[in-house]
Structures are given as structure tokens and as C-alpha cells.
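Line by line, the protein sequences give chains A and B. Note that our numbering numbers the first sequence so that position 59 is 62, with each residue one more than the last. Note that our numbering numbers the second sequence so that position 17 is 1023, with each residue one more than the last. C-beta: ideal position from N, C-alpha, C; glycine also. For reference, the structure is listed below as C-alpha cells.
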Amino acid sequence: MITAEHLTKKYGSRLVVDDVTFTAQPGRITGFLGPNGSGKSTTMRILCALTAPTSGRSSVLGQPFHTLPNPGRRVGVLLDASAQHSGRTGREILSLSALLMGLPRARVQQVVDRVGLTRREADARTGTYSLGMRQRLGLAHALLGDPRVLILDEPANGLDPAGIRWMRGLLGTFADGGGTVLLSSHLLHEVEVIADDLVIIGNGRVLAQGTTADLLATPGTHVRSLSDDDALVRELVEAGHSASVTVSGVSTSAGVDDVGRIALAAHIVLTDLRPAGATGLEDLFFDMTAQHARDGVTA
Amino acid sequence: MSTLSLSSPKMMSERSGGIPFSRLFLVELRKQIDTRAGRWLLIVIALVNTALIVLTLTTAEAKYLTWSELTMAASIGQLLLLPLIGVLAATSEWSQRTALTTFALEPRRTRVNLAKLASAAALGLIVMALTLVAGAVANVAGMLWRGGDGSWAMDWSMLFGAALALLLLVAQGIAFGLALLSTPMAIVAYLLLPTLWTVLTAFIDALAAPARWLDMNVTLLPLMAGGDLRPTGWSQLTTSVVVWVGLPLAIGLWRTIRRNVA
């Protein structure tokens, strides 16, 4: 479980994180979604006690991160896959952390296998690694201490499609086992399929949050009458819903049941009645962040 | 039970405790010698010391070919270069951005820095011990090859002085690294500032008196010569160490705590 309460971070007069509040629940994958520069990374660094918030509080597993004894055994952190000493081998980096956390030596090879790095790759200096290999090493490092919480900043960045599918499976298994996952991304289609919950952030502010299903379910109905769309719109508006005529019929904010009852009462014959198709997270994300994004389109 | 969970009972039982300082110490010690830069510095120290031993063996008079003399000759390399390993231990966390993992695994940052100091000191003592062995080998070589004196009498006060000087210089390297948090800046500052200060004091008469208290290049000399420092010498050494080691170290510890890791 991860909680952020009114987190705010100012650099000088620049507000990077603005009153961010959310919870990531155990057994669920929480997607932290936002365009580049929206404050995702800063928020995640605050959660890991690497950056001090200007105001607000956060906790991981019920206590502030900086008070966790041996935090690597509880929280797996991957904030930047490139932030590794280029002169050390992947195996050496894992061995150092395993030594620090007090893990048996065999654990290093276990996580190397787990993330699909070959022995040869693990024994090469990270300076020679591709971004995809760095991400795998970073995930291995996050999993090393057998944690109950994962905090991952853009973990899919640099992975090929097969790698992304693999990571999805890995995180799904982790959450099914009761683990808490907070992962950030600016790639919408990734998060759409993997996250149970979403926190959407733009310009440092939380713009929307909830379950992925709720956020994706577009309220509203598409309806078509035999011959009297205009009358249907009037009836719907009178009943307090918004409604308008479109090329293919009528679009309204009313639910399917309400539209059916209203049409029956008004003796209007319907030829088509169905919930408006899910617009997909992409539209939602774009709508919400378009005016906030640095260059308009980052998705 | 998730398939990810590969934990043994031992791993579970250890989960509750914090990280003991001994483990931080071992990790920081290993980090100083497991990179290419660290290894090369150690290799260069060994080469410099070997060269000095060879030079002493070939040019010094036979009566100077003793364990004590050869050990001292072989101590120059680490006095010059080991502090740079200290600088790197402090700055590479930021230049290589490993601070992101280091402080996520141990958020008590001052403990990490103290482990760096302790492990760098330990590395200094290990290197000194190896130098004693090298000096002994050279002493035997001197006896066999040059008919050297070969005395096994060690000037312990000189050895103690050299070891203490080495530890102070290594601490100074770490202090400069922590205070500046940039490898090139810290190395240049470490190599240049004390020398600059020494040069200035040589040219400006008014600075000569304060220099006896504030110039580590001056205050370390009697220590390394193995002489009796007496109260004045120790006070002068302490004062200069407070200024050149204590002050940058305090600044460095403070900066590390305050800094946003990115």
C-alpha cells in the first residue's frame, strides 16, 4: 500500500507537484499516467524519500519511506534504469545490493534468470547495455529483496513488444500475490491493459483517478428513432439530460434505461438503443492532458 | 503465494531488522575497488611504489637498505593517490547517479557517508599493511642483491605517522568529494587548493605564521617524520585538520542530507 497526501513540490517558484493525493492498493496495479514533465518522476522520488516534498506526506506499507528498516526488503524501486555505474557489471550491481540487504548470494542468479538476462549479459559492464537490458537489470534489482511493493518509473521504456508483454505478466503475477504496484508511463495503451487503477496527472496535478474500468466506461447512450430524433432530444433535455442530434442519431448523457422509458412515455419508436462505445483511455487521456502537456501531443 | 516469491525462511526472518553498519561498511569498501577507476588507481599506486622501491634498491647506500626505510619509500604512492579513491567514493554516487539506488536502499544518508569514511580508512590501513610486506620483500632483496644493511628494526613512530597522515588525507579526499559532489571539481580542488595555499604562504610573509596552524602540508611533516609533535605540534595539526577535513566534511554531510536525488 502506498499513500500520497497533498504532496507538493516547488523548485523556486516553479510548482512541479501540486497537491497530489492518491492511494495504491495491495493486490492491484496502479498506473501513474501523464505526459513527460507532468511531475510523475518527482512524485515517485518523494515517495521513496529521495526528494523532500515542500509540503504533504506520503507513506509506503503504512510508514514514511525513510523510516523503513532495510527498505529494499519491502519496496522494490526502479526510478531510472540508466542510473547505474557504467564501470560495474550487472551482476556486481545486484551482488552489492544483495550484500547490503543481507540476501543469500544465490538470490542474484535467481533474479537474473527471472528477468531473462543471460549469464553473459549479467557479466558485462552496464556501460555496454542497451536500454532494454538496463530495464531488465533495473527490474531484477527491484525484485531482488522479494518486496511487497514495487515503485517503477517508466519500466516499459526501451522494452520491445515481447518484453512489454513479459513485463505485464510479471507484474500481474506480483499483484495477484498480494503485492502493490505503482508504475508510471506516458504510453497509454500499455497502462490501459495492465493497470487496475489509474491516477492521471498533468502539470503536477491529479486530473482524474479511479479504477481503469470506471474511467474507461464512457457514460451516455447512443439512440436512434424511427423518424423523430428532434422530438426525442426535446424530451431528453426536458428530463434534465444533455442530448444532441448527430449524423447517426442522437447522443445523450442519459443512461440506456432512462432513454427507453422517456421514449416509451413520449411514444417515440426507437430503432437503435445502446451505450455509447468506450472512447478508450487514449481519448480520455488526451482530453485531460491536452491543455496541460508541454507540446500538446505526447501520447 | 506468488510465483515471484522465491524467499527462503532466512530471508523472511531478516526482513524486520535494519541494515547493520558492518554491511554498509563492507558494501562501501567493495564499491571502492570494484570499478575500473578504483582498480586502476590501486594498480598505479602499486606501480609507483614498486618503482620507488626499485629506485631505492638501486641507488641508496647499503646502510639505508632497511625494512623501515624501504617501507617508507614505498608509502609515497598511496599518500598521493589513495585520497582520490576517497574522492571517487563520494562523487561517483552523483556522477554515475547511483545515489538513486544507494539512498533508496538506505535512506539514512549520513550512515552511508560514515560507512564511506570508515571503509576508505580501512582500505588505507590494508594498503599500509601490504606496503609493510612489500618493504620486507625489498629488504630481503636488498640484503641478497646489494649487501644491504637489512635491519628489521621498524621505526614505529614514523610508520604510525605515515598511517595517520594517510588516513587524514583519505578523509580529506572524501570530505572534498562530499562537499563538491563533482568528480573533476573535487579532484582539482583536492590537488590544487592545499598546494596553492602552501605557495601563497611561501610568498607572503604575513601568512607564514598562520600557515603553521592552517597548512596541512606543513603540519603533517613532523608527523610523517616520526618526530615528537608535543602539544604545539598536535594542536597545529588538529587545527589544520579541522579546517581542511572537518569543515568540508561537515558541509558535505549537510549537502548530502539536503540534496534531492535525481
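With respect to chain B, the C-beta atom of residue 47 (chain A) has no partner C-beta closer than 8 Å.
For residue 1235 (chain B), there is no enclosing alpha helix (DSSP H), as DSSP gives it neither H nor E. Taking 8 Å as the upper bound on Cβ-Cβ separation, chain B lies near residues 54 and 55 of the region 54-66 of chain A. The beta-carbon of residue 186 (chain A) is placed no less than 8 Å from the nearest beta-carbon of chain B. DSSP places residue 1166 (chain B) inside the alpha helix (DSSP H), whose first and last residues are 1162-1186. The continuous beta strand (DSSP E) containing residue 5 (chain A) extends over residues 5-14. The C-beta of residue 1049 (chain B) has fewer than 16 other C-beta atoms within 10 Å across all chains shown, which makes the residue exposed. Its Cα nearest to that of residue 1056 (chain B), the residue B:1144 stands out among B:1233, B:1202 and B:1144.
Between the alpha carbons of residue 56 (chain A) and residue 150 (chain A) lies a gap of roughly 24 Å. Rounded to the nearest angstrom, the gap between the Cα atoms of residue 1071 (chain B) and residue 1147 (chain B) is 9 Å.
By the CB criterion at 8 Å, residue 94 (chain A) and residue 80 (chain A) fall outside the cutoff. Assigned with DSSP and collapsed to three states, residue 81 (chain A) falls in strand. Excluding the 5 residues flanking it on each side, residue 9 (chain A) has same chain C-beta neighbours closer than 8 Å at 22, 23, 24, 58, 59 and 60, in chain order. Using a Cβ distance threshold of 8 Å, residue 139 (chain A) and residue 120 (chain A) count as a contacting pair. According to the DSSP assignment, residue 186 (chain A) belongs to the beta strand (DSSP E) that extends over 183-188. Fully enclosed alpha helix (DSSP H) runs of no fewer than 4 residues occupy 1214-1220, 1222-1230 and 1236-1247 of the region 1201-1252 of chain B, in order along the chain. In this structure, the straight-line span from the alpha carbon of residue 224 (chain A) to that of residue 4 (chain A) is close to 37 Å. Using a CB distance below 9 Å, the part of the region 1106-1120 of chain B facing chain A consists of 1106, 1107, 1108, 1109, 1110, 1111, 1112, 1113 and 1114, ordered along the chain. Here residue 141 (chain A) has 81 and 84 as same chain residues with Cβ atoms under 6 Å from its own Cβ, once five neighbours each way along the sequence are excluded. Taking residue 242 (chain A) as the centre and dropping the five residues before and after it, the same chain places the C-beta of 257, 261 and 265 closer than 8 Å to its C-beta, in chain order.
Using a Cβ-Cβ cut-off of 7 Å, residue 118 (chain A) is close to nothing in chain B; its nearest Cβ partner there is about 11 Å away. Residues of the region 160-179 of chain A with a Cβ closer than 9 Å to any Cβ of chain B, in chain order: 173, 176, 177, 178 and 179.
No Cβ-Cβ contact shorter than 8 Å links residue 146 (chain A) with residue 115 (chain A). Taking 8 Å as the Cβ-Cβ cut-off, the region 1040-1058 of chain B approaches chain A at 1040, 1041, 1042 and 1043, given in chain order. Within the same chain, and ignoring the five residues on either side of residue 126 (chain A) in sequence, the residues whose Cβ sits closer than 8 Å to its Cβ are 92, 93 and 94. A distance below 8 Å between beta-carbons, with the five flanking residues on each side excluded, links residue 200 (chain A) to the following residues of its chain, in chain order: 27, 28, 31, 32, 33, 34, 212, 213, 214 and 215. Here DSSP, grouped into helix, strand and coil, assigns residue 1157 (chain B) to coil. Around the C-beta of residue 1109 (chain B), 16 or more other C-beta atoms lie within 10 Å, and the residue is accordingly described as buried. By the C-beta criterion, the region 1109-1119 of chain B is judged not to be in contact with the region 1067-1085 of chain B, since fewer than 3 inter-stretch pairs fall below 8 Å.
Secondary structure within the region 9-94 of chain A: the beta strand (DSSP E) runs of 3 or more consecutive residues, fully enclosed, are 17-27, 32-36, 58-63 and 78-81 (chain order).
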